[in-house]
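Here's the structure, in C-alpha cells; my notes come after.
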Amino acid sequence: MAYWLFKSEPHTWGWDDQAAKGAAGEEWDGVRNYQARNNMRAMKLGDQGFFYHSGKDREIVGIVEVCAESHPDSTTDDPRWDCVDIKAVEPLPTPVSLDDCKADARLKDMVLVNNSRLSVQPVTEEEWQVICAKGGLSG
DNA sequence: GCCAACGTTGGC
DNA sequence: GCCAACGTTGGC
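Residue numbers (our numbering): 1 to 139.
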C-alpha cells in the first residue's frame, strides 16, 4: 500500500466535485508533467491519497482511493499522458493546512513543503499517519 | 497581482 | 545535446 497526494485548484476541481462522483470515482486527467505522470503510473488499486486544495485554501481536505490504475488520459490524443481514476473516501474532520505541515518538524521533508508545484506527489507512511492524526482521523 | 521556481520547448 | 527563452504554477 502506497500513499499519495493529489493537488487541485478548488475552483477547477475541488473536493466537493470529487465527492459528488461517489464510489464511481473520476479520472485524474489533465496532468501534463512527467514526474506527476510517473507517480500515477506507479499507483496500485486501493492506494490511498490526500486531496489538497491549492490556491487560496492551501489545505489537505480529504482522503481518496485509487479505483482504476494507470490508463491513457481521455482528454488528449497524445500517447505520453496517462492517468488513474480516484474516488473520494472521506473528508478530513479537520483540514490540515500547508502552514500546519510547514510548522511540523516531522513533515519538513514532505514534497508538498519542498516542491509545491508537483501536482501528484508521493507521501511516506509516517507523513500519512501524522497528517491523519492532525486531521482528526485515527489513521 | 506579483514574482520565484520549475519544466518544457526550440534554436543552435 | 546544451541552454536561453518562455509559459505555468502556486505561495505570498
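Ideal Cβ placement from N, Cα and C applies to all residues, glycine included.
Can you name the start and end residues of the beta strand (DSSP E) that residue i belongs to?
| i | result |
| --- | --- |
| A24 | Taken as a continuous stretch (DSSP letters only), A24 belongs to no beta strand (DSSP E), as it is neither H nor E. |
| A105 | Taken as a continuous stretch (DSSP letters only), A105 belongs to no beta strand (DSSP E), as it is neither H nor E. |
| W4 | Y3 to S8 |
| A68 | E59 to P72 |
| G14 | Element bounds for G14: n/a, residue is neither H nor E. |
| G49 | Q48 to H53 |
Comparing alpha-carbon positions, which option in the options lies nearest residue i?
| i | options | result |
| --- | --- | --- |
| D16 | L118, V31, M1 and L92 | L92 |
| A24 | A36, A2 and E65 | E65 |
| K56 | E9, D73, R80 and N115 | E9 |
| A133 | H11, V113 and I60 | I60 |
| N38 | R80, K108, W13 and K21 | R80 |
| C67 | V123, D109, E26 and V113 | E26 |
| D77 | H11, R58, L112 and R32 | R32 |
| V96 | H53, D73 and V111 | H53 |
Within the same chain, show all residues whose beta-carbon is closer than 8 Å to that of residue i, passing over the 5 residues directly before and after it, in chain order.
| i | result |
| --- | --- |
| W28 | F6, M40, C83, V84, D85, I86 and V120 |
| G62 | W15, Q18, A19, F50, F51, A88, V89, E90, P91 and L92 |
| G136 | L92, P93 and T94 |
| S138 | C132 |
| D73 | E27, D29, G30, V31, W81, D82 and C83 |
Using beta-carbon positions only, say whether residue i and residue j come within less than 8 Å of one another.
| i | j | result |
| --- | --- | --- |
| T75 | G30 | yes |
| E125 | R106 | no |
| Q35 | L118 | yes |
| D104 | V130 | yes |
Got a sec? Which residues, its chain only, sit under 6 Å from residue i by beta carbon, not counting five neighbours each side?
| i | result |
| --- | --- |
| S70 | M40, R41, D82 and V84 |
| S116 | none |
| K165 | The chain is shown from 1 up to 139; residue 165 falls before or after that span and cannot be answered. |
| W144 | This structure cannot speak to residue 144, because the chain is shown only from 1 to 139. |
Please list, in chain order, all residues of the same chain as residue i whose beta carbon is under 7 Å from its beta carbon, the five residues on each side excluded.
| i | result |
| --- | --- |
| D100 | K134 |
| K102 | V113 |
For the alpha helix (DSSP H) that contains residue i, what are its first and last residues?
| i | result |
| --- | --- |
| V130 | E125 to K134 |
| L92 | Run containing L92: none in the alpha helix (DSSP H); it sits in the beta strand (DSSP E), D82 to S97. |
| N114 | V111 to N114 |
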